[in-house]
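Residue numbers (our numbering): 26 to 586.
What follows is the structure, encoded as structure tokens:
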């Protein structure tokens, strides 16, 4: 009786398989049909099930795809997006591991997915969501073995296996040390995120970076190490991080306490300043590299040039802080200390401090502008001025009191001058402009706020003119949906007016991504439309190939215009 029941259940299961939608198109249909007949199923039932269940969905999809092509719709992309959505919503990591990880050979479709950029991206998204899925972790390992470490650095699971992590770390470091400052700022966050995913990967990375930094020309690795430390501090466990810093970078005992205290408290107390000052004015001062810490110098500069109620250091402490800053930016361990150069920097920083606190007169800064322009050529003085300008614009009521839409504000002109004279400080100038663009100023009417934002965007356009192009465009793309369209239209027109062919592929991609959502507004402004049309035409007809997706968008925009 039991055998008869089991046979009946098996027959019913095969019958349901035959009756399922489009069963005749299933790859295992021959085996199902054979099993059904072997179990006693009737041939006529096979014919009925296969004919009645046939819908022809693949044929319908192909037909819809042909219609979509005639209407300008990319049916392949549409179908892939539907499949992607279903995968992300319905993926069951436990079921997938049970079905595929026990097999003797890995599924062939996984190799095909790894070779396709679109499906690799989906594997990355799935692995972020299902970090304990063995099949997805295998896929990440296979992607690393296939040479796509540059992509994996963006994936959290890159730190799960030491083999994958090693490949990603090696590939990323080789690329980062070849990058300029802009490229380093853009690509470093991905590596930092992977390295700081776990305590063990952070420790491993810092030890490796320390050894690399000790080699000739290893300063770039020191910067990467500092970026890892800064990110790790945001996640807590300051004690572990400061202890690791002390031992890895061999901080002398006399410097350990004051430097650690300043970095942890983000404040230079008089006692810590005096302790550092004594060490660096002694007959045998420690290595200057312990002072050349970006976070430490940031705190020391702000102690002097970013006024805070009740926290301004006494004059004696200010002079010691200024000396430490001057020492850090002038002294080299490989050369004798130049006392005159240190004294010169100290004098300039003191003059700037006096000019900004006593001679400025609000809107015009008339009492200080001559001194400011004269001192600005020195990079550390310019950086101090940048800190002060940022504080003035974002933490005081300067805009409410002095902003007039008819003229370019003097602080904005100072930012432009800093960007012009010091290319390495352009990222800092850009950050100040971004911070200002998002500020809501009380007591300014909507019209004045619009004028202020346009003024700030004009300063960003000036950065583009100086060659700081891609970071600005990426930022414009990011904010384009959250600011008034007229501001984006104005910005694009100004940038395209100054841009000259040949354009880089990344420049073309970014401009197209920005203008596609605002095509309707561009179409209404004849002057802007003409400039955009010329750009699109030049990009489309260039000799070097452009991104296929970008090419399709350009053709679509040209039809629209």
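Ideal Cβ positions, reconstructed from N, Cα and C, are used throughout, including at glycine.
Boundaries of the alpha helix (DSSP H) in which residue i is found, first to last residue
i	result
residue 523	510-523
residue 251	244-258
residue 287	278-290
residue 355	340-355
residue 63	54-63
residue 469	Looking at the DSSP string, residue 469 is not in any alpha helix (DSSP H), and its letter there is neither H nor E.
residue 562	551-565
residue 150	142-154
residue 293	Per DSSP, residue 293 belongs to no alpha helix (DSSP H) and is neither H nor E.
residue 83	82-95
residue 531	530-540
residue 319	319-330
residue 162	159-170
residue 526	First-last for residue 526: undefined, no H or E at that position.
residue 573	573-585
residue 130	Taken as a continuous stretch (DSSP letters only), residue 130 belongs to no alpha helix (DSSP H), as it is neither H nor E.
residue 73	68-77
residue 114	100-115
Candidates the options: closest to residue i by CA position
i	options	result
residue 200	239, 241, 245 and 469	245
residue 252	231, 243 and 269	231
residue 348	313, 358 and 380	313
residue 414	426, 443, 480 and 430	443
residue 125	159, 530, 360 and 548	159
residue 247	577, 260 and 273	273
residue 64	36, 427 and 517	36
residue 137	112, 164 and 113	164
residue 307	107, 332, 362 and 508	362
residue 343	494, 368, 330 and 117	330
residue 113	320, 143, 148 and 548	148
residue 81	46, 162 and 235	46
residue 404	370, 418 and 482	370
residue 3	161, 187, 191 and 197	Only positions 26 to 586 of the chain appear in this structure, which leaves residue 3 out of reach.
residue 358	474, 309, 345 and 122	309
residue 120	240, 549 and 161	161
residue 573	102, 68, 79 and 85	102
residue 118	85, 154 and 129	154
residue 255	217, 564, 53 and 31	217
residue 318	287, 77 and 332	287
residue 584	570, 571, 545 and 394	545
residue 406	355, 202, 418 and 429	355
residue 333	283, 402, 129 and 420	420
CB of residue i within 8 Å of CB of residue j, strictly
i	j	result
residue 588	residue 411	Because the chain is modelled from 26 through 586, residue 588 falls outside the range shown and cannot be assessed.
residue 213	residue 249	yes
residue 340	residue 377	no
residue 166	residue 189	yes
residue 381	residue 424	no
residue 61	residue 50	no
residue 543	residue 508	no
residue 293	residue 325	yes
residue 353	residue 322	yes
residue 66	residue 34	no
residue 304	residue 311	yes
residue 561	residue 547	no
residue 210	residue 448	no
residue 517	residue 575	no
residue 177	residue 193	yes
residue 229	residue 257	no
residue 441	residue 479	no
residue 512	residue 535	no
residue 531	residue 495	yes
residue 338	residue 328	yes
residue 408	residue 450	yes
Below-8 Å beta-carbon distance, residue i vs any chain D residue
i	result
residue 485	Of the chains in the structure shown, none is chain D; there is only one protein chain.
Are there three or more Cβ pairs, one per stretch, closer than 8 Å when the region 523-542 is compared with the region 493-510? Yes, the region 523-542 is in contact with the region 493-510.
Could you tell me which uninterrupted beta strand (DSSP E) segments, each at least 3 residues in length, are contained entirely in the region 358-425, listed from first to last along the chain? The qualifying runs do not exist here; there are none.
Touch test, the region 459-469 against the region 216-228, Cβ-Cβ under 8 Å, three pairs minimum: No: fewer than three Cβ pairs fall under 8 Å.
Would you call the region 263-271 in contact with the region 291-300, where contact means no fewer than 3 C-beta pairs closer than 8 Å? These segments do not touch.
Check whether the region 510-528 touches the region 474-493, counting contact only when three or more Cβ pairs, one atom from each stretch, lie closer than 8 Å. The region 510-528, when compared against the region 474-493, does touch it at the 8 Å Cβ threshold.
Is it the case that the region 423-433 contacts the region 450-459, given that we only count it when at least three CB pairs across the two stretches are under 8 Å? Put simply, the region 450-459 does not touch the region 423-433. Fewer than three CB pairs are less than 8 Å apart.
Contact between the region 106-113 and the region 81-91 (3+ Cβ pairs under 8 Å): Taking 8 Å as the limit for Cβ pairs, the verdict is that the region 81-91 does not touch the region 106-113.
Scan the region 187-246 and note each continuous beta strand (DSSP E) run of 3 residues or more that stays entirely inside, going in chain order. Runs of the beta strand (DSSP E) inside the region 187-246: none found.
Only counting runs of 4 or more residues, tell me where the alpha helix (DSSP H) segments fall wholly within the region 429-509, in order along the chain. Within the region 429-509, the alpha helix (DSSP H) runs of at least 4 residues that lie entirely inside it are, in chain order, 435-446, 451-462, 471-490 and 495-504.
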